[in-house]
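Below is one structure; the comments refer to it alone.
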Amino acid sequence: MRPFLLKGGRVIDPSRLTDGVADVYVVDGKIESIGHNIEVGLDADTIDVTGRVVAPGLIDVHVHLREPGQEDQETIATGAMSAVAGGFTAICSMPNTDPVTDNQAAVGFIVRQSIRAAKARVYPIGAVSLGQRGEQLAEFGELVGAGAVAVSDDGHPVVSSHLMRTALEYAKVFGIPVADHCEDMALAKGGSMHEGIVSTRMGLQGIPSAAEEIMVARDIILAELTGGHVHLCHMSTRGSVDLIRRAKDKGLRVTAEAAPHHFSLTHDRVLGYDTNAKMNPPLREEEDREAIRQALKDGTIDVIATDHAPHHYDAKEREFDEAPNGIIGLETALGLGLRELVEPGLLSLPELLDRMSTQPARVFNLSGGTLAIGAPADIVVFDPARRWTVDPTLGFSKSRNTPFAGEELPGVVEWTFVDGRRVYRKGSS
Amino acid sequence: MTSPLGKDLIGLESLTPEQIQLMLDTAEPFKEVSERSIKKVPALRGKTIVNLFFEPSTRTRISFEFAEKRLSADTVNVASTGSSVSKGETLVDTARNLEAMRIDMVVVRHSMSGAAQFLAERIRSNVVNAGDGKHEHPTQALLDLLTLRDRFGRLEGLKVAICGDVLHSRVARSNIWGLLKLGAQVGVCGPPTLLPRGIEALGVTVLPRIEDAIEWADALNILRLQLERMQGGFVPSLREYNRVFGVTSERLDRAPRDLVILHPGPMNRGVEIDSDVADGPHSVILPQVTNGVAVRMAVLYLLAGGSPDWAAPPAGEETR
């Protein structure tokens, strides 16, 4: 692999709180040096990235890759390709595959497929319980040994408080977080959108915010009881933010993520019964959206994670109640972060990149999220000023279920490198 | 031909007061058609209408069918059982196949909110919503409005209390929009478990007890209590519901004025409404049904591009 120099870009490294125009020199897949007038080898390529941002590759701790089981919706290869096109160099795949990723062979399969794909790094998340049935703990030790970085029954909550307690306790042995999908199933039953004035108008059964908040409160209490690390997936309500803030004030090991759609959209987007606005947790109200934005600013919510959830066209092309939950998100996350958080002046660009790279790496104990000298060269280069129009037919995911089709977003990803390998180049992939 | 209503009738929420008024006014001449010995006008001759009922219905389906036949349309009824729907065909495929047979209108009843709009966005034919889930049932609200207007001579300033399971009711939603747009005041009354949280934001008054509704209103529109609501834990028992929220003659006797009683049917006698109220002098439950045919004739006629002035030619002209 030839060494290369990224010349003249705005280099932002949230892990070291640096931000300024500099050159980045990559040798043998590692960051060799950052500075000016770097002396490069004769065989080195020079890439002019003037006017572009050079940052640690983005990391998404919450994606659904559908392989094995639903390869018509996504595969590990197409998901990993979509990731690098969105500027992500690492993604964590949820275990609600078919069969469920609840054993070391299943974890190993995902690792092997991701190596074959050779795009973004794919870190498997193992199941909390066998078959995600919420009954018996999966073998965390074997999962971690095969490459899992966390455990989760995502798609479902861990309903049993006893199981959640034991999972949090047992996970401490391996230093991994237990990522929970917080939903009181009895309260949410039958619901297909947020319970509020819009659900009343539309005649759709609502999911109250309390359905999420009850489980957030429970998980925080269990984190306190066990000292375990609970990671709260896709937070969507103001009440959840309040609970997390208090837990963090107490010093509990609680981390949380929010999805771009929850800081971009509200339940008004469901008007018209667009099934691409159907997700779980549902789009909430303006005050919730604002609370999520503020929580991303002050660090109450640690990371932005997409909850990338591909679904086949046919599955979404039906009655709202019958359509599955979720949207794709890997290729729109950066643009939404820029448009919704940076452009209005809420987050600085380094803060956005922190929530999308450095913090995810920290929360899930992953490599990456840094441009430290000697670190693997997982790098994204993007043009923050250039705008593009979302066209799902041009995306790299196998699925097209996005509510952002036709919208204009800032931030064009031009290059993505993993271990110094060029895994994405705008217009040439 | 674009009608003054647009392509479809999905709900009253999106309509203007003038459009709603137009449908009511157009229904007036059609009332008379049903009183003739030969109940037919040629307004929709040559038009093909499919009644696509994914949910059981007697009253609404028959009412639409009479309306269509009295307008001389050709009609086909499709029920979900015994059709390709029961073989797993999707809604959009069913609709596209019907349209491939060159139809003009679809009247659709479906158990899921949004189904009528979903269909309307995907086919060229006019779509009339005959009830979609808990969303809207516009022709039911129109016939309620027409019946109230017949009785009171006006809708503006009228106080109408919608009583019962508002949470699950498409009739309630369509009535709220229609009444508010035409200047009536709307109250809702029922157990808090069956009222949508925050419904005041729609501009209605929440009346906590049935006695409050009776004291406040000029007319009560009493919703059917679905028997499965007990399993859902919304009400403890039918007996208790009747005791706390039932409209009984004892309660009505204490009203400051005579209340007009509406019910969209089918009734649970002795649950939400007592028999002597349903059959009493102030009940307009059967006139509602009669008006249903006229209102549906008006809706179909207008959607087909008919001019309000031409709604029903005098008797004699249609007999050929």
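Keeping their order, the protein sequence lines are chains E and H. Sequential numbering of the first sequence, starting at 1, is according to our numbering. Sequential numbering of the second sequence, starting at 1001, is according to our numbering. Here a beta-carbon is modelled for each residue, glycine too, at the ideal position from N, C-alpha and C.
Within chain H, the C-beta atoms nearer than 8 Å to that of Phe320(E) come from Met1112, Ser1113, Gly1114, Phe1118, in chain order. The residues Thr97, Asp98, in chain order, have a CB closer than 6 Å to that of Gly69(E) in the same chain once the five nearest residues on each side in sequence are set aside. Taken in chain order, the members of the segment 267-278 of chain E whose beta-carbon sits within less than 8 Å of a beta-carbon on chain H are Gly272, Tyr273. Interface annotation for the segment 204-229 of chain E against chain H: Leu204, Gln205, Gly206, Pro208, criterion Cβ-Cβ distance under 9 Å. Taking a beta-carbon distance threshold of 8 Å, Val1092(H) counts as an interface residue toward chain E. Within a 10 Å sphere around the beta-carbon of Met81(E) sit 16 or more other beta-carbons, which makes this residue buried. Annotation: Gly134(E) to Ile214(E) spans about 18 Å, alpha carbon to alpha carbon. For the segment 300-319 of chain E, the set of positions with a beta-carbon nearer than 8 Å to some beta-carbon of chain H reads Asp314, Glu317, Arg318, Glu319 in chain order. A distance below 8 Å separates the beta carbons of Gly228(E) and Ala171(E). Close partners of Gly406(E) in chain H (Cβ separation under 8 Å) are lacking, with about 16 Å as the shortest Cβ gap. By the neighbour-count definition (other C-beta atoms within 10 Å, threshold 16), Thr275(E) is a buried residue. With respect to the 8 Å criterion, His312(E) and Gln73(E) are classified as neighbours on the basis of their beta carbons. Bounds of the beta strand (DSSP E) holding Ser152(E) are 150-152. DSSP places His262(E) in the helix class (H, G or I) of the three-state scheme. Taking a beta-carbon distance threshold of 8 Å, Glu195(E) counts as an interface residue toward chain H. Taking C-beta separations shorter than 7 Å and ignoring five residues to either side along the sequence, the partners of Glu212(E) in its chain run Cys182, Glu183, Ser236, Thr237, Ser240, Pro281, following chain order.
Rounded to the nearest whole angstrom, the C-alpha separation of Gly335(E) and Gly35(E) is 28 Å. Here DSSP, grouped into helix, strand and coil, assigns Lys316(E) to helix. Among the residues facing chain E, Ile1199(H) is included, as its CB has a counterpart in that chain under 8 Å away. Chain H places no beta carbon closer than 8 Å to that of Arg339(E), leaving this residue out of the contacts.
Distances from the CA of Ala305(E) to each of Glu322(E), Phe382(E), Glu317(E), Ile327(E) were compared; the closest alpha carbon is that of Ile327(E). Within the segment 351-379 of chain E, no residue places its CB atom closer than 8 Å to a CB of chain H. Within the segment 1179-1207 of chain H, the residues whose Cβ lies closer than 8 Å to any Cβ of chain E are, in chain order, Pro1196, Arg1197, Gly1198, Ile1199, Ala1201, Leu1202. With a cutoff of 8 Å on beta-carbon distance, Gly126(E) and Thr101(E) are scored as near each other.
Against chain H, the CB of Arg201(E) has a partner CB under 8 Å away; the residue lies at that interface. By the beta-carbon neighbour count (other beta carbons within 10 angstroms, threshold 16), Val1076(H) is exposed.
Within the segment 1082-1157 of chain H, the runs of beta strand (DSSP E) that reach at least 3 residues and sit entirely inside it are, in chain order, 1105-1110, 1126-1132. Contacts with chain E (Cβ-Cβ distance below 8 Å) from the segment 1127-1144 of chain H involve Asp1132, Gly1133, Lys1134, His1135, Glu1136, listed in chain order.
Straight-line measurement puts the Cα of Ala377(E) at about 22 Å from the Cα of Ala148(E). Sequence-distant partners of Leu225(E) (beyond 5 residues in either direction) whose C-beta falls short of 6 Å from its own C-beta are missing from its chain.
In this structure, the CA atom of Ala1298(H) is about 20 Å from the CA atom of Arg1124(H). At a Cβ-Cβ threshold of 8 Å, Gly411(E) and Pro384(E) count as neighbours.
Closest in alpha carbon position to Leu371(E), among Ile176(E), Leu17(E), Ala120(E), is Leu17(E). Pairwise C-beta distances place the segment 239-253 of chain E out of contact with the segment 152-162 of chain E, as fewer than three of them are shorter than 8 Å. Three or more Cβ pairs drawn from the segment 1127-1136 of chain H and the segment 1155-1175 of chain H lie within less than 8 Å of each other, which places the two stretches in contact. Annotation: the segment 1017-1080 of chain H contains the following complete segments of the alpha helix (DSSP H) (minimum length 4 residues), in chain order: 1017-1033, 1059-1070.
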